[in-house]
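> Using the numbering used here, the letters of the sequence shown map in sequence onto residues 182 to 232.
In this text, a Cβ means the ideal position worked out from N, Cα and C, and glycines have one as well.
A quick note: this is a predicted structure, and the numbers were derived from the prediction, not measured.
Here it is, the structure in full.
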Amino acid sequence: IFIDKLTNRSKYFGFVSYDNIYSAHQAIKQMNGFQIGLKRLKVQLKKTRIQ
């Protein structure tokens with residue numbers, strides 16, 4: 182989870198790495214849309230930038 186250095190509060194995002202694509206897809210299937218308090222998780226694969 183990333184923390185704002187000025188406010189010391191969460192920026193409400195983070196990254197998770199998996200050893201294989203199957204585990205990553207399972208996490209997306211099970212956790213995308215999961216609600217924690219008033220926030221809903223958005224779980225997706227990393228998007229690559231076109232350079």
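For the alpha helix (DSSP H) that contains Q211, what are its first and last residues?
Element bounds for Q211: I202 to M212.
> Confirm, please, whether the CB-CB distance from I202 to S191 is below 9 angstroms.
Not closer than 9 angstroms, so no.
> Any idea what DSSP makes of I231, helix, strand or coil?
Correct three-state label for I231: coil.
> Hey, out of Y193, T229, K186 and K210, whose CA is closest to G218's CA?
Answer by Cα proximity: Y193.
> In angstroms with no decimal places, state the Cα-to-Cα distance between D200 and K220.
The straight-line gap from Cα to Cα measures roughly 27 angstroms.
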